[in-house]
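Peer 1: Count along the sequence shown from 1, then add 694; that gives the number in the numbering used here.
Beta carbons are placed, not taken as given, at the ideal position from N, Cα and C, and that holds for glycine.
These figures come from a predicted structure and were not determined experimentally.
Would you mind keeping the following structure in view while I ask a few things?
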Amino acid sequence: MFTLWSDIDRLFNRSLSDWMLNSRADDEAFRGFHRMNLIDSGDALKFIAELPGVADKDMNLSVHQDTLTLSAKRNISHEKDNTVYLSERENYDVQRSIALPVHVDAAKAKATLKNGLLTVILPKVPESKPQQIAIHC
């Protein structure tokens with residue numbers, strides 16, 4: 695009897711984990727975006743996005759009113775005269791707007807794309823400090 699329940703538990707756990715993995719993959723494809731991080735490194739924000747197969751010419755990156763907006767497109771094409779037996783790589787469009795937690799100096803931002811990893815450094819705007827104003831009589 696114990697073996698039967700162990701086998702049932704194992705089957706249930708395997709089915710559940712397979713379902714969770716597949717639903718996550720389907721969910722990511724449905725949402726149309728990939729893994730991204732936004733990190734505070736002290737004097738700047740560092741934004742990192744996984745964008746495999748996207749060329750820099752197919753990306754647009756902007757900052758407006760403390761919102762970082764990224765759009766990117768990947769097109770996979772097959773040669774016309776070839777027979778395709780397996781095609782799991784897909785075209786996709788990415789469109790994300792991320793509210794930045796602090797003011798940044800967009801004019802000093804730097805972005806690099808290397809090995810499908812987009813890295814954007816967004817220097818913070820220094821906080822304004824109180825200024826003493828001299829009073830003249």
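1. Looking at the unbroken beta strand (DSSP E) that takes in arginine 783, where does it start and where does it end?
2. What does a CB cutoff of less than 7 Å around alanine 793 pick up in its chain, not counting 5 residues either side in sequence?
3. Given a cut-off of 9 Å, decide if asparagine 754 and leucine 745 are closer than it, judged by their beta-carbon atoms.
4. Using a Cβ cut-off of 9 Å (strictly closer), state whether serine 771 contacts chain D.
5. For alanine 801, does the count of other Cβ atoms within 10 angstroms reach 16, so buried, or fall short, so exposed?
6. Classify alanine 828 as buried or exposed, calling it buried when 16 or more other Cβ atoms lie within 10 Å of its own Cβ.
7. How big is the Cα-Cα spacing for aspartate 737 and proline 820?
8. Which first and last residues belong to the beta strand (DSSP E) in which threonine 806 is found?
9. Please report the Cβ distance between alanine 743 and leucine 812, rounded to the nearest whole angstrom; I am assuming they are in contact, meaning their Cβ atoms lie under 8 Å.
10. Would you tell me roughly how many angstroms separate the C-alpha atoms of lysine 774 and serine 791, rounded to the nearest one?
Peer 2: So, from the data block:
1. No beta strand (DSSP E) holds arginine 783; DSSP gives it neither H nor E.
2. Asp760 and Thr761
3. no
4. Among the chains in the structure shown there is no chain D, since it carries only a single protein chain.
5. exposed
6. exposed
7. 8 Å
8. 804-808
9. 4 Å
10. 36 Å
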